[in-house]
Structure formats: structure tokens, C-alpha cells
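Written below as C-alpha cells is the structure these notes are about.
2 protein chains.
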Amino acid sequence: MVSIGELSQQTGVSTQAIRYYEQIKLLPAPKRADNSYREYDDSDVERLQFVKRARQLDFALGDIAEILAFRDQNEPPCQYVMNVMAQQISAIEERVADLQRLRDELATLHRAGLTMPEDIEMKQCVCHLIKTGLSNEVGNDE
Amino acid sequence: MVSIGELSQQTGVSTQAIRYYEQIKLLPAPKRADNSYREYDDSDVERLQFVKRARQLDFALGDIAEILAFRDQNEPPCQYVMNVMAQQISAIEERVADLQRLRDELATLHRAGLTMPEDIEMKQCVCHLIKTGLSNEVGNDE
DNA sequence: CTAAACCTTATAGTAACTATAAGGTCAAGT
DNA sequence: ACTTGACCTTATAGTTACTATAAGGTTTAG
Ligand SMILES: [Zn+2]
Ligand SMILES: [Zn+2]
Ligand SMILES: [Zn+2]
Ligand SMILES: [Zn+2]
Numbered sequence: 004m005v006s007i008g009e010l011s012q013q014t015g016v017s018t019q020a021i022r023y024y025e026q027i028k029l030l031p032a033p034k035r036a037d038n039s040y041r042e043y044d045d046s047d048v049e050r051l052q053f054v055k056r057a058r059q060l061d062f063a064l065g066d067i068a069e070i071l072a073f074r075d076q077n078e079p080p081c082q083y084v085m086n087v088m089a090q091q092i093s094a095i096e097e098r099v100a101d102l103q104r105l106r107d108e109l110a111t112l113h114r115a116g117l118t119m120p121e122d123i124e125m126k127q128c129v130c131h132l133i134k135t136g137l138s139n140e141v142g143n144d145e
Numbered sequence: 004m005v006s007i008g009e010l011s012q013q014t015g016v017s018t019q020a021i022r023y024y025e026q027i028k029l030l031p032a033p034k035r036a037d038n039s040y041r042e043y044d045d046s047d048v049e050r051l052q053f054v055k056r057a058r059q060l061d062f063a064l065g066d067i068a069e070i071l072a073f074r075d076q077n078e079p080p081c082q083y084v085m086n087v088m089a090q091q092i093s094a095i096e097e098r099v100a101d102l103q104r105l106r107d108e109l110a111t112l113h114r115a116g117l118t119m120p121e122d123i124e125m126k127q128c129v130c131h132l133i134k135t136g137l138s139n140e141v142g143n144d145e
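Taken in sequence, the protein lines are chains R and W. Anchor point for the first sequence: position 16 equals 19 in our numbering, and the numbering is continuous, going up by one each time. Anchor point for the second sequence: position 95 equals 98 in our numbering, and the numbering is continuous, going up by one each time.
Given below as C-alpha cells:
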């Protein structure tokens, strides 16, 4: 039996996060010692290790809860896990594409800004470009 | 003078977001009509358009507030804007690198999962791999 | 006997909103 | 005159996955 602090050390999950997981029922409420301290056993350690890794793979807590619910009901979660992974992968790919578009836009603006004067009215300067974007601005202002 | 609904339509920012921006002092509290409805003028429209675009570039509201504060104090925000853009760009690049690493890891696990059996104990199956990672698992289990 | 290093619960804060409740105002139609 | 619908108002709760803080109880070492 380990205390919450020891569980935290063994898993690298903070004690507050562990209590939070218990609160949202991702982890079962553990036994309590006479002093009302939480006491965890090996299966709790294993469960939390799984949660930790799944979080590192950026699985949502709701997805992790569903995966663990499968197991708790003696059904293999494998298929569900595969689905979540597939969804994660396409979500990430979309996010990366969005971010790269954004990065290109910012880089272009930044480059343009290097050649522009300061302007308190934000008409001649890079700030103006933020508002209008580059496309309608190259060479002809308004 | 335009109402909040008209301002919303002209800028593509929801009325709730507009009220929220007012609450956090990103936008000044506008005049009120006799019926206590908010009334906006052209400078409000322009300011909100700037905010909208900056948000599309994923500037944080705090950064946008600082940019607008420069202007409100008659100082050109250009330098600050350039700094924020530079920071944004490197933050995005780091995030993209992180996401790509994550994507690769998930894709590898997913591929491995296709060849693995279902296992309610999560020992032989892809779920197990989630817990341990791939590196310590290829070919030799425990 | 007291100080530290634990543990407990409850609550607030993070970012940038969205959604809802409960109500007031206004123009149009019957 | 009255009702319907589309506006507007404020206040509050919810989203995600936690972290941080407050205010206190317990245990161990010096
Ligand atoms: Zn499995
Ligand atoms: Zn222009
Ligand atoms: Zn400027
Ligand atoms: Zn193994």
C-alpha cells in the first residue's frame, strides 16, 4: 500500500492531478487508512501509469475514461483505442496544417514589417497589415 | 452609430465576445442609448476589426491589449508588434515540432496495433504498447 | 514540544470564449 | 390594443486539464 505522495512519485503525476482524476471518476476512490489518508495498491499504480502515458499521447481524459471503462467491464478496449489513435492522428495533421499556414502568414508579415516605417496612425506600418492582411496591400494602399 | 448586433455583423465577432472584450477592457465601454443599448462608432468598428485579425493570427488577448495600449498612448506599437510576431513564429514552430513527434509516435503505435490481437488484460495488445511505449517492446515482451 | 513534511477538503484561477437564464425594448402584424 | 419575434440587457455557469492557495489535521525527527 502506498500513499498518494508515493503514487505521485512512482508515476510522475502530481498529487493534485491524482485527486482530480479521482474526482472525475477516472480513478476509483481508494481505501482510506485510519487517519483518512488515501491508500493505493499495485493495480492503482498500473492504472495511473496507463493514464499518464495516454495523456502524453494527448488522449483526452474522456477518451481515457472510455478506454478504462471497457476494461472495467471486461471488454477489450483495443478497437476503441485504435479508433482514438486514428482520430488523434488526423486531428494532429489538421492542426499542423493550420499552424503552418499561420506561420507562413506571420513570417510574410514579419518580413514585410522590416521594410516599413513606424506609424502612430497604424496606416503605413506593419500594424496596418495585420488588419488588412497582405494580399490586398502589396504595392497599393487602399 | 451602430448597435452591438450590427457591430457583430460588420466584424464577424459574436455579440458575447464583444461584451467579453469590453469586460476585460480590450474595448472601451461604449456610449449607451436611452434604452441602455450599446452604441458604437466608426473607431470602435476599426478597433474591433484589428482585434479580429490579430486573433486570427492567434495573438493572445493580452498581447492585443498591449498593442492597443501603445496606440491609445500615441506611441507606435510597431516594434512591439514585430516582437510578438517573432515570438508567435517560434512558438508555432516549436508546437509543430512537438505535434509531429506525437503524430509519428501515434502512427507507429497504430501500425503496430494492426498486427496485434485483442487482449482483455491489455498485455498482448496495442493498449499495452500505450503504457510502455514502443521502444522497450519491439519483439521482446518483458 | 515544536518544526518539517506529509496528508485532508474546498475553492479559485487559467484562456477565450459559448451558452443559458431571466428579463427589458421595439417594430410589425392582427 | 395586443401579441409575436427579434433585438437588447445583466449575471452566471460551463468548457479542458489541471495548478495554486487556504486552512487545517497527522506523523516523525530533533
Ligand atoms: Zn488492447
Ligand atoms: Zn492599407
Ligand atoms: Zn505599426
Ligand atoms: Zn510488454
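Using N, Cα and C, we set each Cβ at its ideal position, and we do this for glycine too.
**Message:** Does residue 23 of chain W come out as helix, strand or coil in the three-state DSSP assignment?
**Reply:** To locate residue 23 of chain W, count along the second sequence from 1; it is residue 20. Residue 23 of chain W carries a helical assignment under DSSP once its states are collapsed to helix, strand and coil.
**Request:** Give a yes or no on whether the C-beta atoms belonging to residue 57 of chain R and residue 133 of chain W are separated by under 7 Å.
**Result:** By 1-based counting over the first sequence, the position of residue 57 of chain R is 54. By 1-based counting over the second sequence, the position of residue 133 of chain W is 130. In this structure, residue 133 of chain W lies closer than 7 Å to residue 57 of chain R by Cβ.
**Item:** Selected residue, minimal CA-CA separation from residue 131 of chain W, among R:130, R:82, R:110
**Value:** Position 128 of the second sequence, counted from the start, is the residue given in the question as residue 131 of chain W. Here the closest residue by C-alpha is R:82.
**Request:** Would you tell me roughly how many angstroms separate the C-alpha atoms of residue 126 of chain R and residue 26 of chain R, rounded to the nearest one?
**Result:** On the first sequence, residue 126 of chain R is found 123 positions in, with the first residue counted as 1. On the first sequence, residue 26 of chain R is found 23 positions in, with the first residue counted as 1. Each residue's alpha carbon lies about 53 Å from the other.
**Candidates R:4, R:21, R:89: closest to residue 115 of chain W by CA position** = Indexing the second sequence from 1 puts residue 115 of chain W at position 112. Cα-wise, what sits closest to residue 115 of chain W is R:89.
**Item:** Pairwise C-alpha distance: residue 46 of chain R and residue 102 of chain R
**Value:** Translated into the one-based positions of the first sequence, residue 102 of chain R becomes position 99. Translated into the one-based positions of the first sequence, residue 46 of chain R becomes position 43. The straight-line gap from Cα to Cα measures roughly 40 Å.
**Contact set between the stretch 101-118 of chain R and chain W, restricted to residues whose Cβ is under 9 Å from the partner** = Within the stretch 101-118 of chain R, the residues whose Cβ lies closer than 9 Å to any Cβ of chain W are, in chain order, 102, 103, 105, 106, 108, 109, 110, 112, 113, 116, 117.
**Request:** Report the three-state DSSP secondary structure of residue 34 of chain R (helix, strand or coil).
**Result:** On the first sequence, residue 34 of chain R is found 31 positions in, with the first residue counted as 1. The answer is strand: DSSP assigns residue 34 of chain R an E or B state.
**Message:** Can you determine whether any heavy atom of ligand 3 sits closer than 6 Å to the C-beta of residue 81 of chain W, and answer yes or no?
**Reply:** Indexing the second sequence from 1 puts residue 81 of chain W at position 78. Correct: residue 81 of chain W has its Cβ closer than 6 Å to ligand 3.
**Request:** In the DSSP assignment, find the alpha helix (DSSP H) that holds residue 54 of chain W and state where it starts and stops.
**Result:** Numbered from its first residue, the second sequence carries residue 54 of chain W at position 51. Judged by DSSP secondary structure, residue 54 of chain W falls within the alpha helix (DSSP H) whose first and last residues are 45-59.
**Request:** Assign residue 50 of chain R to one of two classes, buried (16 or more other C-beta atoms within 10 Å of its C-beta) or exposed (fewer than that).
**Result:** For this step, residue 50 of chain R is matched to residue 47 along the first sequence. Counting Cβ neighbours within 10 Å, residue 50 of chain R comes out buried, since at least 16 surround it.
**Asked** What do you get for residue 91 of chain R, buried or exposed, if any count of 16 or more other CB atoms within 10 angstroms of its CB means buried?
**Response** The residue you call residue 91 of chain R lines up with position 88 of the first sequence. Answer is buried; the Cβ neighbour count reaches 16.
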